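Numbering (UniProt numbering), first residue to last: 1 to 394.
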C-alpha cells in the first residue's frame, strides 16, 4: 500500500502556500469573480453594474484538487494547511542502508550454509524460504532461546537443527564464543538485535524488501531517518522479546518482520490520528486489515515468528505515538494526542522491562502457542516444537 495515496491531497499539499491557495477551492472562486467582472464590463455601456445572471454552483460533496481528485474538506482549514506546509520531506537513508545490509547478510548466510552442509539451499528438510538450514541461521545470530539463557547446560545434548536425527551441544549450535570455555550459562543477549538483519531465505527477504523499500521509505520521508530508525529497531527488538517469551523453545527466529509489523502499526496509527484527512478512511482501514491478516498467515511458515509480528505491531503503535509527526485539528485533539504521547513512552519501557524479566526467569506456560507460530506440514515444525535433551542437566 502506498502510504501517500490514502490522503488524496494532490500535488500541492506539501508545497508552497501559493500551491495550497490555488488547490483548495480558490480556483473556483476566481472563476466566479471573473464572470462577475465580465458581466460588469458588458453592462458598463448602460452606466450601471448588474448582478451576475448565472446561478451559484451547487456545493460539492468533496472539494477537489487541481487535477480534479477529491480531497478531505478539513484540508481547506488554513490551520491544517499551515501544519502540512511546515513538514519536511527526507531522503530514506535508513531504509536504503538497512536493506543493503540485509541483502549482504543473506548472501553471507547462504555461503556459510554451503560451508557447513555443502548446500546453498537446504533441501532435507526443505527450507520453503529458499535459504540455508536452521543450524546455519542460528550460528550467525538468529534468536534461539537456548543460546540466550540457562535453558540447557553445555554438556546437554539436543537435536541438531539441521538434522533432528543427530544430537549437538549448545556450543555446537550457538557458535560465537564457546559457552563451555566461559564456564557461565549462555547469555547471548545480542540475539534480540542481530535477527533483524537476518532472513530465512530469498523468499523471506523479498517479501520484506517489497514492503520496506516502498511503504517504509514513504514513512521515513515523512518522519526523518532518526525517528524512523527508533521505531524500526524498537519494534524489531520488542518483537523478538515477545517471541522469546511465547514461541516454542527450540524455534529459531530471524527477519525484519517484527520491525515491519511495527511500521504497519504506524500506518494504522497514522490513519486513525489523521482520519479527517482521508477521503475514504474505512476503505483504507479494510486494506490495512487484509494486509495484516495475510502477513499473519504467512507467519505460519517455518523460520517466521508470529509472536514477533504481534510484539512488533504493538511496539510500532506505541513508539509511533511518541515519535511520529501529527496534525492537530483542534485544541481538544492536540490535548488528546499529547496525552497519549506521554502515556506511550513509559508504557513501551515497561513492556521491554517486563518482557526481559519474564524471559530470563524462563517462564513459558503457553502450551498451545506453537499452533500460532508454525503449520506442521512435511515435518517443517518437528525440530522446533519438541525439545529432547538426551544428556546433561536441563
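Ideal placement from N, C-alpha and C gives every residue a C-beta, glycine not left out. The structure presented is a predicted model; accordingly, all values stated were derived computationally and were not measured.
Item	Value
Pick helix, strand or coil for residue 81, following the three-state DSSP scheme.	helix
Between residue 90 and residue 337, what straight-line distance do the alpha-carbon atoms span, to the nearest angstrom?	24 Å
Tell me the DSSP secondary structure of residue 122 in three-state form.	coil
Which residues bound the beta strand (DSSP E) around residue 157?	157-159
With a threshold of 6 Å on Cβ separation, who are the neighbours of residue 232 within its own chain once the five nearest residues in sequence on each side are excluded?	259
Cα separation between residue 263 and residue 239?	12 Å
In three-state terms, what does DSSP make of residue 234?	helix
Strictly by DSSP, which residues pair up with residue 169?	157
Which first and last residues belong to the alpha helix (DSSP H) in which residue 286 is found?	281-298
Tell whether a beta-carbon distance below 8 Å holds between residue 145 and residue 244.	yes
Check for me: the alpha helix (DSSP H) holding residue 150 runs from which residue to which?	It is not in any alpha helix (DSSP H) - residue 150 carries neither H nor E in the DSSP assignment.
Classify residue 257 as helix, strand or coil using the three-state DSSP reduction.	helix
Taking the continuous alpha helix (DSSP H) assigned at residue 194, which residues delimit it?	Residue 194 -> no alpha helix (DSSP H), and no H or E assigned at all.
Quick one: what does DSSP say residue 91 is sitting in, helix, strand or coil?	coil
What did DSSP end up calling residue 44 once you bin it into helix, strand or coil?	The pLDDT assigned to residue 44 is 47, lower than 50, so where the model puts this residue is not dependable; a value taken from the coordinates is nonetheless given after this. Looking at residue 44 - three-state DSSP - the assignment turns out to be helix.
What do you reckon, are the CB atoms on residue 79 and residue 63 nearer than 8 Å?	no
Does the Cβ of residue 210 have 16 or more other Cβ atoms within 10 Å, making it buried, or fewer, making it exposed?	exposed
Between the alpha carbons of residue 373 and residue 85, how many angstroms are there, rounded?	44 Å
State yes or no: is the C-beta of residue 140 within less than 8 Å of the C-beta of residue 198?	yes
Indicate whether residue 321 and residue 269 have their beta-carbon atoms separated by less than 8 Å.	yes
Residue 353 lies in the alpha helix (DSSP H); which residues open and close that run?	331-361
Please report the residue range of the alpha helix (DSSP H) in which residue 322 lies.	306-323
Cβ atoms of residue 114 and residue 108: under 8 Å apart, would you say?	no
What's the C-alpha gap between residue 110 and residue 136?	9 Å
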